[in-house]
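Sequence positions in the sequence shown follow my numbering and run 163 to 424. Note that CB positions come from ideal geometry on N, CA and C, so glycine has one too.
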Amino acid sequence: MKKILTLALTFCAFIVAMACGSNDPEVDGMTGATEQTGGEGEGSAKGKMLVIYFSRADENWQVGYVERGNTAIMVDYIKELADVDVFEIVPVVAYPAVYDECTAYVTEEINENRRPAYKDDITNLNDYETIFVGGPIWWGRPPMLFRTFFEAHPELGGKTIIPFGTHGGSGVGSYATLIKEYYPNATVLESLGISGSSIRNASSKTTVENWLKKLSVDKQSTAIRNVRTRAADNGVSYTLNGLRSNGQRGIQIKNGNKYINR
Ligand SMILES: Cc1cc2nc3c(=O)[nH]c(=O)nc-3n(C[C@H](O)[C@H](O)[C@H](O)COP(=O)(O)O)c2cc1C
Numbered sequence: 163m164k165k166i167l168t169l170a171l172t173f174c175a176f177i178v179a180m181a182c183g184s185n186d187p188e189v190d191g192m193t194g195a196t197e198q199t200g201g202e203g204e205g206s207a208k209g210k211m212l213v214i215y216f217s218r219a220d221e222n223w224q225v226g227y228v229e230r231g232n233t234a235i236m237v238d239y240i241k242e243l244a245d246v247d248v249f250e251i252v253p254v255v256a257y258p259a260v261y262d263e264c265t266a267y268v269t270e271e272i273n274e275n276r277r278p279a280y281k282d283d284i285t286n287l288n289d290y291e292t293i294f295v296g297g298p299i300w301w302g303r304p305p306m307l308f309r310t311f312f313e314a315h316p317e318l319g320g321k322t323i324i325p326f327g328t329h330g331g332s333g334v335g336s337y338a339t340l341i342k343e344y345y346p347n348a349t350v351l352e353s354l355g356i357s358g359s360s361i362r363n364a365s366s367k368t369t370v371e372n373w374l375k376k377l378s379v380d381k382q383s384t385a386i387r388n389v390r391t392r393a394a395d396n397g398v399s400y401t402l403n404g405l406r407s408n409g410q411r412g413i414q415i416k417n418g419n420k421y422i423n424r
């Protein structure tokens with residue numbers, strides 16, 4: 163009942179915005195903060211990491227026509243700052259390139275509770291312990307594509323999940339909510355939402371970097387996590403890229419522990 167009410171309020175606000183001659187998607191009453199963090203809890207990422215995302219290029223809110231979607235730019239920052247694998251959810255039927263046509267299409271998709279299909283599914287989710295999940299906010303929520311994806315992947319349930327995304331003012335808190343709805347046993351860590359119109363500013367990359375640091379996600383921590391401490395590796399050194407090295411610097415295994423030699 164609460165969910166139906168929330169949806170109704172979201173659409174009312176949208177109709178008011180349209181009536182005022184604006185397609186402003188800040189429909190849920192939140193103002194345009196450029197950055198917002200939040201989520202379920204404190205904690206650090208662990209193990210091997212994957213980023214799952216969806217992002218739409220073409221015409222969008224406040225940015226005009228872009229060749230690379232706003233969330234895709236955020237993923238580029240994460241890739242640059244941490245050792246992560248990436249899986250992009252690509253819809254079989256592309257969303258309309260024109261913003262107004264896209265919003266109308268998405269409204270229909272939500273009203274009909276559709277599950278849009280996506281191309282080339284990922285088959286090795288179990289290789290990862292920490293999974294970033296992100297995309298845009300569409301009418302106050304993650305696109306329906308995420309429901310399609312979540313319903314196909316119950317194995318996400320036991321993972322550590324970090325929500326993120328871009329928005330036009332609504333924040334990305336609804337990613338954590340949807341993730342918890344599908345995966346009540348997942349550990350959901352602090353999310354980051356950045357306004358799509360400021361994602362290309364250098365300060366947004368710094369914001370992403372600071373958020374990742376709080377989650378202990380940086381190249382050094384990732385490399386250290388990925389190094390195994392088997393007895394057979396005693397005395398072995400690794401570079402911060404996780405490669406074995408003969409050098410004195412890097413990560414060294416001693417009696418089952420990891421040490422950094424700087
Ligand atoms: C169909 C549609 C609906 C949107 N609804 C909202 C919304 O409810 N709240 C909001 O803050 N932004 C909304 N936006 C703006 C997007 O969330 C924002 O532009 C985002 O950065 C797009 O990310 P992308 O380029 O990765 O797809 C909407 C955009 C579209 C296309």
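Query, Result
"Taking the DSSP output, what are the residues bridged to Asp-382?", "At residue 382 the sequence reads Gln, which differs from the Asp that was named. DSSP output for Gln-382 lists no bridge partner at all."
"Are the beta-carbon atoms belonging to Ser-357 and Ala-338 less than 7 angstroms from one another?", "no"
"I'd like to confirm something about Ser-332: is its beta-carbon nearer than 6 angstroms to some heavy atom of ligand 1, or not?", "yes"
"Nearest to Lys-210 by CA position, among Tyr-421, Thr-401, Lys-381 and Asn-419, is which residue?", "Lys-381"
"Judging by CA-CA distance, which residue of Gly-418, Thr-401, Ile-422 and Lys-208 is the nearest neighbour of Asp-289?", "Lys-208"
"What would DSSP say about Pro-325, mapped onto helix, strand or coil?", "strand"
"Just confirm the distance between the C-beta atoms of Gly-296 and Gly-327, as a whole number of angstroms; I'd bet it's less than 8 angstroms.", "4 angstroms"
"Tell me, which residues are paired with Asn-222 by DSSP?", "Gly-226"
"Give the DSSP-derived three-state secondary structure of Lys-241 in the structure shown.", "helix"
"Can you tell me which of the three DSSP states Val-268 falls into?", "helix"
"Is DSSP giving Val-246 helix, strand or coil here?", "coil"
"Apply the 10 Å Cβ neighbour rule to Gly-435 and answer buried if 16 or more other Cβ atoms are within range, or exposed otherwise.", "Because the chain spans 163 through 424 in this model, residue 435 falls outside it and cannot be assessed."
"Cβ of Thr-369 versus every heavy atom of ligand 1: is any distance shorter than 6 angstroms?", "no"
"I need the boundaries of the beta strand (DSSP E) containing Tyr-215, first residue and last residue.", "211-215"
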